[in-house]
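In my numbering, the protein residues as written are 41 to 165.
Below you'll find the structure, written out as structure tokens, and then a few comments.
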């Protein structure tokens with residue numbers, strides 16, 4: 041349950057971080073709803089795990105969009121849910137969250153450090 045709580049915190053903090061940005065949160069499926077949506081925890085969450093790169097007419101690589109490597113691995117069944125999560129099974133949810141944390145934060149940034157950054161931004165606004 042600790043990994044689940046950390047994942048929940050990560051999603052909340054990433055949502056908070058993007059409130060102060062002019063860019064859209066890549067974790068939200070529907071950009072109009074919070075990441076947890078209205079149907080339960082994680083109901084409006086994508087877990088980005090990589091980038092897709094495109095190419096400009098001049099041949100330069102540009103980030104085209106995010107890859108959501110786990111989106112087809114979730115099973116939408118009440119039997120596969122855990123602690124009120126809208127998606128499951130729990131092991132896939134945690135694997136997706138861990139992969140997304142490593143991709144978005146890197147290997148050296150913790151959820152605790154992300155919280156400190158978000159808190160600092162909130163205090164400055």
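Backbone N, C-alpha and C define an ideal beta-carbon position, used for all residues, glycine too.
Just the C-alpha distance for residue 57 and residue 161, rounded to the nearest angstrom, thanks. Indexing the chain shown from 1 puts residue 57 at position 17. Indexing the chain shown from 1 puts residue 161 at position 121. One C-alpha to the other measures close to 8 Å.
For residue 51 versus residue 85, is the C-beta spacing smaller than 9 Å? As a first step, residue 51 must be located in the chain shown, where it is residue number 11. As a first step, residue 85 must be located in the chain shown, where it is residue number 45. Yes. Within cutoff.
From which residue to which residue does the beta strand (DSSP E) around residue 106 run? Locating residue 106 in the chain shown gives position 66, where the first residue counts as 1. Residue 106 -> beta strand (DSSP E) spans 101-107.
What distance in whole Å lies between the Cβ atoms of residue 139 and residue 109, which are believed to be in contact at a cut-off of 8 Å? Mapped onto the chain shown, residue 109 falls at position 69. Mapped onto the chain shown, residue 139 falls at position 99. Indeed, because the Cβ distance is near 7 Å, the residues count as touching under 8 Å.
Which one of 103, 111, 62 has the shortest CA to CA distance from residue 93? Start at 1 with the first residue of the chain shown, and residue 93 comes out as number 53. Minimum Cα distance to residue 93 is reached at 103.
By the 10 Å Cβ neighbour count, where 16 or more other Cβ atoms means buried, how is residue 96 classified, buried or exposed? Sequence index remark: in the chain shown, residue 96 carries index 56 (1-based). Result: exposed.
So, for residue 73: in the same chain, excluding its five sequence neighbours on each side, which residues have a beta-carbon less than 7 Å away from its beta-carbon? Numbered from 1 along the chain shown, position 33 holds the residue referred to as residue 73. 84, listed in sequence order.
When the Cα atoms are used, what is the spatial distance from residue 164 to residue 69? Locating residue 164 in the chain shown gives position 124, where the first residue counts as 1. Locating residue 69 in the chain shown gives position 29, where the first residue counts as 1. Answer to the nearest angstrom: the Cα atoms are 28 Å apart.
Cβ-based neighbour list, residue 218, same chain, cut-off 7 Å, excluding 5 preceding and 5 following: Coverage of the chain is limited to positions 41 through 165, which leaves residue 218 absent and any answer about it impossible.
Let me confirm a value: residue 157 is counted as buried when at least 16 other C-beta atoms fall within 10 Å, else exposed. Which label applies? Locating residue 157 in the chain shown gives position 117, where the first residue counts as 1. Exposed, by the Cβ-count rule.
Quickly, what does DSSP pair residue 160 with across the bridge? List them, please. Sequence index remark: in the chain shown, residue 160 carries index 120 (1-based). In DSSP, residue 160 forms no bridge with anything.
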